[in-house]
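Engineer:
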Amino acid sequence: MKLENIDIGDSIPSFSREGKVEYWNRYAAVNDEFAEHHWSDEVAQGEGFEKAFAMAPLEQAYMHNIIREWLGDDLRILLVNIRLRSPFVRDRRLEISGKILKKSFLENEYFFEAELNAKDEKDNLIATGLVSFSYPFLEEK
Amino acid sequence: MNKTLISKEMNEIIGKVMRTSISFPITSSDIRKWAIAVYYPKTPPRIYWDEEYASKTIFGGIVAPEEFNPFAWATQTPSLEDPKIFQTAFSESELGVSPPKYSAFILTEIKTSYGNKRMFPGDVIKSEHKISDYFERKGAKGDMLYTTVTNILKNQNDEFIKNIDSVFVRY
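Heads up: the protein sequence lines correspond to chains U and Y, in order.
Take the first sequence: its position 134, counting from 1, is numbered 134 in our numbering, and each next residue is one higher.
When you read off a place in the second sequence, starting at 1, and then add 141, the result is the number in our numbering.
1) Please name the residue, chosen from U:Glu50, U:Phe49, U:Leu84, U:Gly19, that lies closest to Glu250 of chain Y on a Cα-to-Cα basis.
2) When you compare only the Cα positions, how much space is there between Asp130 of chain U and Val290 of chain Y?
3) Can you tell me the Cα-Cα spacing of Gly25 of chain U and Pro87 of chain U, whole angstroms?
4) Count the other CB atoms within 10 Å of the CB of Ile199 of chain Y; is the residue buried (16 or more) or exposed (fewer)?
5) With DSSP as the reference, label Pro57 of chain U as helix, strand or coil.
6) Any beta-carbon of chain U closer than 8 Å to the one on Pro262 of chain Y?
7) I want to see whether chain Y comes within less than 8 Å of Asn108 of chain U, judged by CB atoms only; does it?
8) Where does Asn65 of chain U fall in DSSP's three states?
9) Jot down the residue ranges of each uninterrupted beta strand (DSSP E) in the region 199-267 of chain Y, minimum 3 residues, whole runs only, in chain order.
10) In the DSSP output, what is His270 of chain Y paired with across the bridge?
11) Check the DSSP bridge columns for Glu42 of chain U and list the partner residues they point to.
12) Are the beta-carbon atoms of Lys264 of chain Y and Gln217 of chain Y separated by less than 8 Å?
13) Along chain U, in chain order, which residues have C-beta atoms closer than 7 Å to that of Tyr243 of chain Y?
14) If we cut at 8 Å on Cβ distances, does Val290 of chain Y have a partner in chain U?
15) Can you pull the chain U neighbours of Pro206 of chain Y, defined as C-beta to C-beta under 8 Å?
16) Shortest alpha-carbon distance to Glu277 of chain Y belongs to which of Y:Lys267, Y:Thr161, Y:Val308, Y:Glu269?
Printed below as a string of structure tokens:
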């Protein structure tokens, strides 16, 4: 990828995941995160939500994934902020899109800042994100 | 005076270390499972699970994804035998202060900034949790108490790994 060709306003290739409890259970297992509203519709509804919903740290992990899948192993992530707007409920599909806000070049590294938006297929805004990351300068061969 | 959910005692614990944790040494198996979980059902990048591939990258070996949590399930400190005074992400009771009553406890925002050091197999990570802020808002569900918990992670060489500010709402 020619990073010098990435400009402010460019889109980041999107990232999507189904909202399945079988996916979330795996995250519950590695993060030891077993709040019942993440698998029980009844508990989630008792708290005022539509259905069981995903863990916020998993949604934040997805906001890392979108950048990592785009730029690969030499990426350096500097900051990932996520603000939850509405729950990512079971049986929906999450799609994260992003846009470059800032770009700079310093000491052989490109620095970028991007905004992210996570929505479901009903166009509900699930979360917004702000990420900053850098990437080594690659000379043309 | 307006009614507030933030007691004098709660204000007094802002900035105090609530919990210090020391992880067990990170294993490549911990990293592999984490990567599988956050990429599921897709195959995670090889740098998290393929030693031979990872040895040829700029890291020289397997590295943990930035958001990896080395404290899940069990830690060196506190040990499994220590009293469990909480079952949630944090509680004022860890500093001897009664938390406000609530029926829901939700994480609303996570702000993570990373240093230049990553987490690798063999690393032992130390973290300190502090309540760094309280604020209140009127919401659809009534009075809502927001609490920012700051968690700073460093490795065994006291090198900064990341700062996580988590904002929780209770109502």
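Idealized CB from N, CA, C, for every residue including glycine.
Structural biologist: A quick look at the data gives this:
1) Of U:Glu50, U:Phe49, U:Leu84, U:Gly19, the smallest CA-CA separation from Glu250 of chain Y is found for U:Leu84.
2) Reading off the sequence shown, one finds Leu at residue 130 of chain U, where the question assumed Asp. Cα to Cα, Leu130 of chain U sits roughly 19 Å from Val290 of chain Y.
3) A small fix is needed here, since residue 25 of chain U is Asn in this sequence, not Gly. C-alpha separation (whole angstroms): 17 Å.
4) Exposed, since its Cβ has fewer than 16 Cβ neighbours within 10 Å.
5) Pro57 of chain U: helix per DSSP, three-state reduction.
6) Output row for Pro262 of chain Y: interface = no.
7) By this cut-off, Asn108 of chain U is not an interface position.
8) In this structure, Asn65 of chain U counts as helix in the three-state DSSP scheme.
9) DSSP runs (the beta strand (DSSP E)) wholly in the region 199-267 of chain Y: 246-255.
10) Under DSSP, His270 of chain Y forms a beta bridge with Y:Arg160, Y:Asn292.
11) Paired residues: none, contrary to the question.
12) In the sequence under discussion, the amino acid at residue 264 of chain Y is Asp, which differs from the Lys named in the question. With a cutoff of 8 Å on beta-carbon distance, Asp264 of chain Y and Gln217 of chain Y are scored as not near each other.
13) Neighbours of Tyr243 of chain Y on chain U: none; closest Cβ ~11 Å, over 7 Å.
14) No, because no Cβ of chain U sits closer than 8 Å to the Cβ of Val290 of chain Y.
15) Under a criterion of Cβ atoms nearer than 8 Å, the residues of chain U adjacent to Pro206 of chain Y are, in order, Ala61, His64, Arg68.
16) The shortest Cα separation from Glu277 of chain Y among Y:Lys267, Y:Thr161, Y:Val308, Y:Glu269 belongs to Y:Val308.
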